[in-house]
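Read through the structure below, which is laid out as structure tokens, and then see the notes.
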Ligand SMILES: Cc1ncc(COP(=O)(O)O)c(C=O)c1O
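In my numbering, the protein residues as written are 793 to 1204.
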């Protein structure tokens, strides 16, 4: 048995089986590479699902975490800490609005906090969108559309109504003065990197404003530089009421945040919500280091450059229908449902990608991925698509061959 096989065997006996059998067991990371227990190196275009913004073992993050741990590792929420306060100020300055921040430990928890904020409006109804993913805790799951995730846990917290994603007219029909909030991902990640039509977010803002409902943007996956902007909603020019972030914020150290703007910032009052670890000094120091490094190294511009490189390198492949997303939040839409095969074969070529749906690949690499590393990945991906993914023309041809000819139809 190889090391990886031994560890995998131990995993299956000790770790709860919520994720299925792991692909491999990783032991080390540096920059955009990780190594498994057998010493195999992988170029990591998944980054812990849009988490390792600075790659692995980035010196700024290592220093911030170790210095903070050696100074003050944790306090209760009866007390405040400097990194907690500084990070709240920093997030508000990135948003560019007055507000207040609640710190949590994950995306789902950031969303739970936002959900509790919405309840304090005096209304309970939430409009969520088809294809959404907001997390696996019961409140976040109530807003997550996938039936397979929801069904085993029903009844979920109620008063959620559903609208099609990206359809402003449908939303217009559904939102009225009883709605507390509309929750929207500016780009849907788990659904396969789906971008709504231009003007959609502005329309969501207009509709919610008209009915006195909150606009809540879930930036857990899209936020903190991933699209080449601090937030994916920013380009739309809207000012939401609630913004939830997590994933890339801590660069691998667990942290989430619910940023409430203007009047929404005062809805939660003492005793309304809490968490032991949220706003922990080590996690907030880590997030400050991530944001600092993105600013110092001009990574927002870099993300745009490398994202364009992927587009240019993959869009013309005959098996690719379309590249969706922005910056380094990319979906590769395939003509055929072979994403899982491409993902598996990529691992065999030392490349970690992701297949969120049968016909979509997702690329969410570290924001520090170099142009050379993108080029290396493009070569491998094109090879794999050549081998495994038929083009639209080939698919059409084979379906034409299966169709009965007009002579055959006449005979039958
Ligand atoms: C948009 C969005 N919201 C919330 C979550 C849940 O975050 P977490 O897994 O940290 O609870 C995710 C995770 O993929 C996400 O993509």
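Cβ coordinates follow ideal geometry from the N, Cα and C atoms, glycine included.
Bear in mind the structure is a predicted one, so any value in this text is a computation, not a measurement.
Quick check: the Cα distance between residue i and residue j, rounded to an integer number of angstroms?
{"i": "residue 914", "j": "residue 1178", "result": "56 Å"}
{"i": "residue 1018", "j": "residue 1150", "result": "24 Å"}
{"i": "residue 1139", "j": "residue 902", "result": "32 Å"}
{"i": "residue 878", "j": "residue 1013", "result": "22 Å"}
{"i": "residue 883", "j": "residue 969", "result": "30 Å"}
{"i": "residue 1009", "j": "residue 973", "result": "10 Å"}
{"i": "residue 1142", "j": "residue 832", "result": "7 Å"}
{"i": "residue 854", "j": "residue 864", "result": "15 Å"}
{"i": "residue 828", "j": "residue 1166", "result": "21 Å"}
{"i": "residue 1173", "j": "residue 1046", "result": "31 Å"}
{"i": "residue 836", "j": "residue 811", "result": "19 Å"}
{"i": "residue 954", "j": "residue 891", "result": "28 Å"}
{"i": "residue 918", "j": "residue 887", "result": "24 Å"}
{"i": "residue 858", "j": "residue 1111", "result": "46 Å"}
{"i": "residue 1088", "j": "residue 860", "result": "20 Å"}
Quick one: measure Cβ to Cβ for residue i and residue j, integer angstroms, because I've assumed they're closer than 8 Å.
{"i": "residue 1073", "j": "residue 851", "result": "That pair is no contact at about 20 Å."}
{"i": "residue 1145", "j": "residue 1161", "result": "Incorrect: roughly 12 Å between the Cβ atoms, too far for contact."}
{"i": "residue 1040", "j": "residue 880", "result": "Going by Cβ atoms, the distance from residue 1040 to residue 880 rounds to 17 Å, so no, they are not a contact pair."}
{"i": "residue 1037", "j": "residue 1048", "result": "7 Å"}
{"i": "residue 967", "j": "residue 1003", "result": "5 Å"}
{"i": "residue 849", "j": "residue 1078", "result": "At roughly 13 Å, the Cβ-Cβ gap does not stay under 8 Å, so residue 849 and residue 1078 are not in contact."}
{"i": "residue 1180", "j": "residue 1134", "result": "6 Å"}
{"i": "residue 1058", "j": "residue 1034", "result": "Between residue 1034 and residue 1058 the Cβ distance is about 13 Å, and since that is not below 8 Å, they are no contact."}
{"i": "residue 1103", "j": "residue 1131", "result": "No, residue 1103 and residue 1131 are not in contact; Cβ-Cβ is about 18 Å, not under 8 Å."}
{"i": "residue 844", "j": "residue 1148", "result": "Actually they are not in contact, since the Cβ atoms of residue 844 and residue 1148 sit about 18 Å apart, beyond 8 Å."}
{"i": "residue 920", "j": "residue 975", "result": "5 Å"}
Could you check where the beta strand (DSSP E) with residue i kicks off and where it finishes?
{"i": "residue 1220", "result": "Residue numbering for the chain in the displayed model covers 793 to 1204; residue 1220 lies beyond these limits and cannot be assessed."}
{"i": "residue 1007", "result": "1006 to 1010"}
{"i": "residue 1036", "result": "1034 to 1037"}
{"i": "residue 1016", "result": "Note, residue 1016: premise wrong, no beta strand (DSSP E); not H, not E."}
{"i": "residue 835", "result": "833 to 836"}
{"i": "residue 821", "result": "818 to 822"}
{"i": "residue 1059", "result": "Residue 1059 -> no beta strand (DSSP E), and no H or E assigned at all."}
{"i": "residue 919", "result": "917 to 921"}
{"i": "residue 828", "result": "825 to 828"}
Provide the residue span of the alpha helix (DSSP H) that contains residue i, from first to last.
{"i": "residue 974", "result": "Careful: residue 974 lies outside any alpha helix (DSSP H), inside the beta strand (DSSP E) at 971 to 976."}
{"i": "residue 982", "result": "First-last for residue 982: undefined, no H or E at that position."}
{"i": "residue 1047", "result": "Residue 1047 -> no alpha helix (DSSP H), and no H or E assigned at all."}
{"i": "residue 1188", "result": "1184 to 1194"}
{"i": "residue 1105", "result": "1091 to 1106"}
{"i": "residue 942", "result": "939 to 942"}
{"i": "residue 952", "result": "Note, residue 952: premise wrong, no alpha helix (DSSP H); beta strand (DSSP E) at 952 to 955."}
{"i": "residue 1079", "result": "1073 to 1088"}
{"i": "residue 912", "result": "It is not in any alpha helix (DSSP H) - residue 912 carries neither H nor E in the DSSP assignment."}
{"i": "residue 1167", "result": "1163 to 1180"}
{"i": "residue 813", "result": "Where residue 813 is concerned, there is no enclosing alpha helix (DSSP H), given that its DSSP letter is neither H nor E."}
{"i": "residue 930", "result": "930 to 934"}
{"i": "residue 1000", "result": "992 to 1002"}
{"i": "residue 795", "result": "795 to 806"}
{"i": "residue 963", "result": "960 to 966"}
Among the residues of its own chain, which have a CB less than 6 Å from the CB of residue i, if the five just before and after it don't count?
{"i": "residue 983", "result": "923"}
{"i": "residue 1184", "result": "1127"}
{"i": "residue 956", "result": "922 and 962"}
{"i": "residue 895", "result": "1049, 1070 and 1071"}
{"i": "residue 1105", "result": "1170"}
{"i": "residue 1023", "result": "1011 and 1015"}
{"i": "residue 1085", "result": "846 and 852"}
{"i": "residue 931", "result": "904, 907 and 949"}
Excluding sequence positions up to five away, which residues of its chain have a Cβ less than 7 Å from the Cβ of residue i?
{"i": "residue 1028", "result": "993 and 994"}
{"i": "residue 1096", "result": "1020 and 1119"}
{"i": "residue 1204", "result": "Note that residue 1204 scores 49 on pLDDT, short of 50, meaning its location in the model is unreliable and no value can be drawn from it."}
{"i": "residue 1075", "result": "1042, 1045, 1046 and 1047"}
{"i": "residue 822", "result": "848 and 849"}
{"i": "residue 988", "result": "957 and 958"}
{"i": "residue 1098", "result": "1120, 1161, 1163 and 1166"}
{"i": "residue 1006", "result": "910, 913, 972, 973, 1000, 1033, 1034 and 1056"}
{"i": "residue 1187", "result": "1127 and 1128"}
{"i": "residue 1168", "result": "835"}
{"i": "residue 1192", "result": "none"}
{"i": "residue 1031", "result": "889 and 1053"}
Identify, in the order they occur along the chain, each residue of the same chain with its Cβ nearer than 8 Å to the Cβ of residue i, setting aside the five sequence neighbours on each side.
{"i": "residue 800", "result": "813, 814, 816 and 817"}
{"i": "residue 986", "result": "923, 957, 958, 979, 980, 1116 and 1123"}
{"i": "residue 803", "result": "813, 814 and 817"}
{"i": "residue 928", "result": "900, 936 and 941"}
{"i": "residue 868", "result": "1068"}
{"i": "residue 793", "result": "801"}
{"i": "residue 1107", "result": "1114 and 1115"}
{"i": "residue 1080", "result": "856, 875, 878, 879 and 882"}
{"i": "residue 873", "result": "864, 867, 1071, 1073 and 1076"}
{"i": "residue 996", "result": "960, 963, 974, 976, 1007 and 1030"}
Entirely enclosed alpha helix (DSSP H) segments - the stretch 1110 to 1157, minimum 4 residues: Runs of the alpha helix (DSSP H) inside the stretch 1110 to 1157: 1131 to 1140.
Ranges of the alpha helix (DSSP H) found wholly within the stretch 843 to 908, counting only runs of at least 4: Counting only runs of at least 4 residues, the stretch 843 to 908 fully encloses the following alpha helix (DSSP H) elements, listed from N- to C-terminal order: 851 to 863 and 874 to 887.
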